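Q: Chains as they are written, first to last, in our numbering: chain A, 1 to 207; chain B, 208 to 414; chain C, 415 to 621; chain D, 622 to 828. After the structure tokens below, expect a handful of questions from me.
Number of protein chains: 4
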Amino acid sequence: MADLVANSGTDATVDKTPRTERGRRTLRAILDAAAIEFGTRGFHDTSIVAITQRAGVALGSFYTYFDSKEALFQALVRDMSTQVGVVGATAIADAKDILDGERAVLAAFTAFAREHRELYRIIDEAEFVDPASYRAHYESAATRIGARLGDGVQRGELRADVGEIEAWAIMGMNVFLGLRYGVMTDDADLKAVADAANALLRRGLTR
Amino acid sequence: MADLVANSGTDATVDKTPRTERGRRTLRAILDAAAIEFGTRGFHDTSIVAITQRAGVALGSFYTYFDSKEALFQALVRDMSTQVGVVGATAIADAKDILDGERAVLAAFTAFAREHRELYRIIDEAEFVDPASYRAHYESAATRIGARLGDGVQRGELRADVGEIEAWAIMGMNVFLGLRYGVMTDDADLKAVADAANALLRRGLTR
Amino acid sequence: MADLVANSGTDATVDKTPRTERGRRTLRAILDAAAIEFGTRGFHDTSIVAITQRAGVALGSFYTYFDSKEALFQALVRDMSTQVGVVGATAIADAKDILDGERAVLAAFTAFAREHRELYRIIDEAEFVDPASYRAHYESAATRIGARLGDGVQRGELRADVGEIEAWAIMGMNVFLGLRYGVMTDDADLKAVADAANALLRRGLTR
Amino acid sequence: MADLVANSGTDATVDKTPRTERGRRTLRAILDAAAIEFGTRGFHDTSIVAITQRAGVALGSFYTYFDSKEALFQALVRDMSTQVGVVGATAIADAKDILDGERAVLAAFTAFAREHRELYRIIDEAEFVDPASYRAHYESAATRIGARLGDGVQRGELRADVGEIEAWAIMGMNVFLGLRYGVMTDDADLKAVADAANALLRRGLTR
DNA sequence: AATGAATGAGTGTTCATTCAT
DNA sequence: TATGAATGAACACTCATTCAT
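Pasting the structure below:
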């Protein structure tokens with residue numbers, strides 16, 4: 001969420017980046033409060049007053065930092081999307097091979113989902129509130145997976161015909177395993193889940 | 208959608224089932240209009256007037272058949288959920304073996320998604336509007352897949368350790384392949400998609 | 415309520431008097447149901463459906479007998495008003511003198527109020543729903559009392575200066591004692607109440 | 622009405638008391654407009670828009686100060702109830718004896734009713750809109766009268782058996798005399814009314 | 001006479017956004 | 001920057017009344 005505090009990226013007319021330390025604290029408070037509210041009540045059942053009250057700031061202050069409710073939501077979605085990418089990249093860092101890397105990504109993702117239950121609600125709701133971000137999220141995730149698979153093919157670790165379809169299939173697996181074992185349950189053995197899924201992929205993508 | 212016209216099942220105080228032929232036509236018009244509106248604008252941006260206007264009936268008639276906007280949405284979600292199940296069951300009917308059946312299911316599902324683009328929007332939004340139906344939808348779908356996998360194991364067609372995790376993984380694959388190649392694109396070769404995914408599963412779930 | 419079944423009195427264009435026995439039964443069912451609903455929920459919180467449902471007749475049948483919700487209410491108010499007059503006249507029948515008569519009226523009225531708790535609610539609400547009937551009710555009640563007082567003066571039983579003011583004062587006493595001891599409480603000794611009030615009047619209106 | 626502007630007393634979740642001078646003006650405007658609208662059209666025929674339009678404020682501003690239409694009505698009822706008590710207490714201040722005090726109360730009350738024709742409509746309608754306030758109003762008024770009678774008994778100014786029944790009887794007299802000579806007529810000699818009623822009480826409650 | 005589906009005007013309430021202080 | 005009162009468009013829902021059967 002750090003980069004959000006620095007600059008949301010897409011401010012059109014006016015720069016809403018805080019200039020003072022106090023402003024930075026206010027912005028962060030709003031963002032944190034929003035993540036909780038949107039994650040539990042959903043976009044439409046969350047009001048700006050609820051966010052500002054939880055953040056402990058005045059209602060009007062909201063518009064010092066965001067142009068609209070949608071703008072805040074978009075900022076949150078993009079931030080979460082980025083975080084998911086970072087989590088994957090970090091997990092994959094010291095993987096021995098492609099398939100080991102995918103296991104690490106899944107394990108890290110399910111764990112992340114468990115820690116951030118608001119993740120699914122916020123990204124899923126983007127389909128309705130901010131479709132562009134929603135598509136961008138999944139397309140970039142699929143692209144990242146696809147790139148890794150491409151590397152694997154090149155290195156001869158995977159079948160030669162593995163491509164985009166498999167990338168989307170893997171993403172779907174990950175998302176639903178994260179939902180089932182990260183979000184819907186508290187006590188699942190996430191390592192076992194990652195192992196089982198990896199067994200499927202290891203056989204499925206090789207030879 | 209046929210069973211909706213008959214009886215939604217959960218009428219609490221008053222029976223809202225139409226008794227006359229005219230009533231049945233009105234109900235069907237509302238349901239069809241609602242599927243379109245909810246599917247394109249989403250639940251919150253769809254108004255009851257918009258639905259009744261599209262259906263060509265009076266605003267008040269809506270409440271002759273549904274207790275609330277949420278009730279209508281719920282009816283729609285449950286109906287779509289049922290339809291998805293039916294589509295899968297039909298597709299699987301004359302499959303030679305388990306894996307062939309899964310291929311047929313995926314092919315049928317992606318084709319269905321392409322024909323009913325409102326499907327994803329409506330079921331996804333249920334996560335926010337009617338969480339119980341949302342969970343029920345995915346849990347029952349996973350259960351059905353799991354049951355089929357169990358059969359496969361029993362018949363020796365699949366690895367012995369295949370179970371719930373693989374069921375959710377397959378469901379995730381299917382959902383995202385349906386999204387990518389059924390909904391997001393118009394011209395994808397759905398047979399090729401089903402074949403590729405099946406190649407992954409066939410290797411992944413056997414031995 | 416008997417005369418209501420015969421003829422409501424003020425039907426303008428169409429005669430809504432039932433011609434068949436079945437019609438008379440329906441009308442009576444509606445009237446009885448309405449008295450209960452209006453008496454417990456009040457005019458605005460009572461719906462025509464509620465009345466017809468309680469009466470066990472179809473919604474549309476209501477308009478076979480009444481022009482509007484207001485018309486039904488008016489019929490009820492006028493009927494209750496008449497009943498109150500009858501109760502008083504009956505009670506006074508074998509009174510020895512004026513003051514004894516007033517005691518009998520109060521005793522009968524409080525007892526009637528206890529038996530017909532809907533009385534106050536319906537007549538009071540007429541102030542808002544049908545002001546003309548409301549005024550008529552109280553004005554005619556005051557006139558009746560005034561006439562009796564006039565007789566008393568003539569016969570030398572009461573002070574010569576007793577008149578309209580005293581009539582309204584007595585009516586107010588009766589109404590509030592009926593409210594307090596007839597409606598608000600179940601176990602009051604209504605005879606004691608009538609005696610106490612009469613002691614006040616007997617001293618107050620003589621010499 | 623002064624205390625309403627300060628604090629209505631029963632703010633549950635959020636404090637709706639205005640903090641700025643402008644806010645106080647807005648609240649007062651709404652209260653004044655509501656008294657007129659409720660008093661002339663009654664609760665159900667008065668809309669929030671009508672109130673805010675008359676008050677010259679935006680529709681939404683209503684909800685800055687009141688939780689609902691009922692809440693506003695309740696505030697008004699309680700305020701009027703308080704005012705009636707104050708009027709009585711003021712009138713009684715320099716009375717020579719109990720009975721003289723009661724005459725002063727009645728005279729003041731009928732005059733007040735004439736000045737505030739909305740009084741009856743608002744308090745009477747509370748029977749349907751806010752029954753608790755309605756009962757509280759009459760019970761506390763009766764209690765005040767009862768207390769004064771108790772004093773009179775103690776001082777030997779009244780018969781020893783005068784009590785609650787007489788208190789309710791007097792209240793009824795006052796209410797109906799206020800209705801008849803304060804509200805229904807414009808030109809009644811209120812002093813003469815108070816004198817006549819007092820003659821009745823003076824004789825009726827002594828010896 | 002009876003039925004109940006259809007109608008649509010009417011209204012309380014919410015809430016994102018603006019703006020004066 | 002911060003504050004919170006003010007604004008008004010938008011919308012779900014109710015229900016008296018009509019009318020075809």
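For glycine and all other residues, C-beta sits at the position ideal for the given N, C-alpha and C. The structure displayed is predicted, hence computed values, not measured ones.
Should Gln74 of chain A go down as buried or exposed, given a rule of 16 or more other Cβ atoms within 10 Å for buried?
A: For the purposes of this step, residue 74 of chain A is taken as the residue at position 74 of the first sequence. Counting Cβ neighbours within 10 Å, Gln74 of chain A comes out buried, since at least 16 surround it.
Q: Sort C:Val471, C:Ile579, C:Arg436 by Cα distance to Tyr610 of chain D and report the nearest one.
A: Because chain D in this structure spans residues 622 to 828, residue 610 of chain D falls outside the shown range and cannot be described.
Q: To the nearest angstrom, how far is the alpha carbon of Gly244 of chain B from that of Phe43 of chain A?
A: Numbered from its first residue, the second sequence carries residue 244 of chain B at position 37. Numbered from its first residue, the first sequence carries residue 43 of chain A at position 43. Note that residue 244 of chain B is Glu in the sequence shown here, rather than Gly. C-alpha separation (whole angstroms): 19 angstroms.
Q: Do Asp186 of chain A and Arg114 of chain A count as a contact pair if the criterion is CB distance below 9 angstroms?
A: If you number the first sequence from 1, residue 114 of chain A lands on position 114. If you number the first sequence from 1, residue 186 of chain A lands on position 186. In contact: Arg114 of chain A and Asp186 of chain A (Cβ atoms closer than 9 angstroms).
Q: Within the continuous alpha helix (DSSP H) that includes Tyr595 of chain C, where are the two ends?
A: The residue labelled residue 595 of chain C in the question sits at position 181 within the third sequence. It is not in any alpha helix (DSSP H) - Tyr595 of chain C carries neither H nor E in the DSSP assignment.
Q: Looking at chain D, which residues of the segment 544-576 of chain C have a Cβ within less than 7 angstroms of any of its Cβ atoms?
A: Against chain D - using a Cβ distance shorter than 7 angstroms - the segment 544-576 of chain C contributes no residues.
Q: Taking Val162 of chain A and Leu177 of chain A to be in contact with their CB atoms under 8 angstroms, please state how far apart those CB atoms are, rounded to whole angstroms.
A: Along the first sequence, read from residue 1 onward, the residue named residue 162 of chain A stands at position 162. Along the first sequence, read from residue 1 onward, the residue named residue 177 of chain A stands at position 177. Actually they do not touch by this definition, with Cβ atoms about 20 angstroms apart.
Q: Would you mind reading off the limits of the alpha helix (DSSP H) that contains Ala93 of chain A?
A: By 1-based counting over the first sequence, the position of residue 93 of chain A is 93. Element bounds for Ala93 of chain A: n/a, residue is neither H nor E.
Q: In the structure shown, what three-state DSSP assignment does His665 of chain D receive?
A: As a working note, residue 665 of chain D is residue 44 in the fourth sequence. Coil at His665 of chain D, not helix or strand.
Q: Do Leu106 of chain A and Val193 of chain A have their beta-carbon atoms positioned less than 9 angstroms apart in this structure?
A: Residue 193 of chain A sits at position 193 when you count from the first residue of the first sequence. Residue 106 of chain A sits at position 106 when you count from the first residue of the first sequence. Going by C-beta atoms, Val193 of chain A is nearer than 9 angstroms to Leu106 of chain A.
Q: Should Tyr548 of chain C and Met585 of chain C be called a contact, given that it needs their Cβ atoms to be closer than 9 angstroms?
A: Along the third sequence, read from residue 1 onward, the residue named residue 548 of chain C stands at position 134. Along the third sequence, read from residue 1 onward, the residue named residue 585 of chain C stands at position 171. In this structure, Met585 of chain C does not lie closer than 9 angstroms to Tyr548 of chain C by Cβ.
Q: With the cut-off set at 9 angstroms, would you say Leu326 of chain B and Val291 of chain B are in Cβ contact?
A: As a first step, residue 326 of chain B must be located in the second sequence, where it is residue number 119. As a first step, residue 291 of chain B must be located in the second sequence, where it is residue number 84. Yes. Within cutoff.
Q: Which residue marks the beginning of the alpha helix (DSSP H) containing Ala406 of chain B, and which one marks its end?
A: Looking up residue 406 of chain B in the second sequence gives position 199. Where Ala406 of chain B is concerned, the enclosing alpha helix (DSSP H) stretches over 397-412.
Q: Counting contacts by CB-CB distance shorter than 9 angstroms, is Asp218 of chain B in contact with chain A?
A: Locating residue 218 of chain B in the second sequence gives position 11, counting from the first residue. Model confidence at Asp218 of chain B stands at a pLDDT of 37, short of 50, so the residue's coordinates are unreliable and nothing is read from them.
Q: Which value, in whole angstroms, describes the spacing of the CA atoms of Ala136 of chain A and Ala753 of chain D?
A: In the first sequence, the residue the question calls residue 136 of chain A occupies position 136. In the fourth sequence, the residue the question calls residue 753 of chain D occupies position 132. Looking at the two C-alpha atoms, the distance is approximately 58 angstroms.
Q: Pick helix, strand or coil for Asp688 of chain D, following the three-state DSSP scheme.
A: In the fourth sequence, residue 688 of chain D corresponds to position 67, counting from 1. Three-state DSSP puts Asp688 of chain D in coil, outside helix and strand.
Q: Less than 7 angstroms between C-beta atoms, sequence neighbours within five positions excluded: which residues of the same chain meet that for Ile669 of chain D?
A: Mapped onto the fourth sequence, residue 669 of chain D falls at position 48. Leu680, Phe683, Lys690, listed in sequence order.
Q: Any idea if Asp97 of chain A is buried or exposed, counting beta-carbon neighbours within 10 angstroms, 16 or more meaning buried?
A: Here residue 97 of chain A refers to the residue found at position 97 of the first sequence. Classification for Asp97 of chain A: exposed.
Q: Any idea what DSSP makes of Arg649 of chain D, helix, strand or coil?
A: Locating residue 649 of chain D in the fourth sequence gives position 28, where the first residue counts as 1. DSSP places Arg649 of chain D in helix when its eight states are reduced to three.
Q: Strictly below 9 angstroms CB to CB, what residues from chain A border Ala240 of chain B?
A: Locating residue 240 of chain B in the second sequence gives position 33, counting from the first residue. Residues of chain A passing the Cβ test: none, with the nearest at roughly 19 angstroms.
Q: Which of helix, strand or coil does DSSP assign to Gly470 of chain C?
A: Counting from 1 along the third sequence, the entry for residue 470 of chain C is found at position 56. Residue state, collapsed to three classes: coil.
Q: Check the Cβ-Cβ distances between Glu127 of chain A and every residue of chain B, and say whether any is below 9 angstroms.
A: Start at 1 with the first residue of the first sequence, and residue 127 of chain A comes out as number 127. For Glu127 of chain A, the answer is yes, since a Cβ of chain B falls inside 9 angstroms of its Cβ.
Q: What would DSSP say about Arg366 of chain B, mapped onto helix, strand or coil?
A: For the purposes of this step, residue 366 of chain B is taken as the residue at position 159 of the second sequence. Three-state DSSP puts Arg366 of chain B in coil, outside helix and strand.
Q: Let me see if you follow: with CB-CB separation under 9 angstroms, is Thr206 of chain A close to chain B or not?
A: To locate residue 206 of chain A, count along the first sequence from 1; it is residue 206. Answer yes: the Cβ-Cβ gap between Thr206 of chain A and chain B drops below 9 angstroms somewhere.
Q: From Leu622 of chain C to Thr496 of chain C, what distance separates their C-alpha atoms?
A: Outside the displayed span of chain C (415 to 621) sits residue 622 of chain C, for which this structure offers no information.
Q: Once the 5 residues before and after Ile352 of chain B are set aside, which same chain residues still bring their CB inside 7 angstroms of it?
A: The residue labelled residue 352 of chain B in the question sits at position 145 within the second sequence. Excluding sequence neighbours, Ile352 of chain B sits near Ala374, Ile377, Met378.
Q: Less than 8 angstroms between the CB atoms is what I'm expecting for Arg675 of chain D and Ala654 of chain D, so what's the real figure, rounded?
A: By 1-based counting over the fourth sequence, the position of residue 675 of chain D is 54. By 1-based counting over the fourth sequence, the position of residue 654 of chain D is 33. Indeed they touch by this definition, with Cβ atoms about 4 angstroms apart.
Q: Roughly how many whole angstroms lie between the Cα atoms of Leu720 of chain D and Asp816 of chain D?
A: Stepping through the fourth sequence from its first residue, residue 720 of chain D is reached at position 99. Stepping through the fourth sequence from its first residue, residue 816 of chain D is reached at position 195. Roughly 11 angstroms between the two C-alpha positions.
Q: Which value, in whole angstroms, describes the spacing of the CA atoms of Lys16 of chain A and Ala126 of chain A?
A: For this step, residue 16 of chain A is matched to residue 16 along the first sequence. For this step, residue 126 of chain A is matched to residue 126 along the first sequence. Using only the alpha carbons, I get a separation of about 22 angstroms.
Q: Taking a contact to mean a Cβ-Cβ separation below 9 angstroms, would you say Gly411 of chain B touches Arg202 of chain A in this structure?
A: Looking up residue 411 of chain B in the second sequence gives position 204. Looking up residue 202 of chain A in the first sequence gives position 202. Their beta carbons are under 9 angstroms apart, which means Gly411 of chain B touches Arg202 of chain A by this criterion.
Q: Closest by CA to Pro225 of chain B, which one among B:Asp252, B:Thr253, B:Tyr272, B:Thr259?
A: Against the second sequence, residue 225 of chain B aligns to sequence position 18. Per the Cα distances, B:Tyr272.
Q: With 9 angstroms set as the bound, which would you pick, yes or no: does the beta-carbon of Ala507 of chain C sit closer than that to a beta-carbon of chain D?
A: The sequence position of residue 507 of chain C within the third sequence is 93, counting from 1. Cβ-Cβ to chain D under 9 angstroms: no for Ala507 of chain C.
Q: Using 9 angstroms as the limit for Cβ to Cβ distance, is Leu697 of chain D near chain C?
A: Translated into positions along the fourth sequence, residue 697 of chain D becomes position 76. No, Leu697 of chain D lies away from the interface with chain C (no Cβ there is under 9 angstroms from its Cβ).
Q: So that I know if they touch, is there some Cβ in chain C lying closer than 9 angstroms to that of Phe664 of chain D?
A: For this step, residue 664 of chain D is matched to residue 43 along the fourth sequence. True, the Cβ-Cβ gap to chain C drops below 9 angstroms.
Q: Which residues of chain C have a Cβ atom closer than 8 angstroms to the Cβ of Met701 of chain D, listed in chain order?
A: As a first step, residue 701 of chain D must be located in the fourth sequence, where it is residue number 80. Within chain C, no residue comes near Met701 of chain D; the closest Cβ sits about 16 angstroms away, beyond 8 angstroms.
Q: Using CA atoms only, rank isn't needed, just tell me which of C:Val543, C:Arg573, C:Thr620, C:Asn588 is closest to Thr661 of chain D.
A: The residue given as residue 661 of chain D occupies position 40 in the fourth sequence. That would be C:Val543, whose Cα lies nearest to the Cα of Thr661 of chain D.
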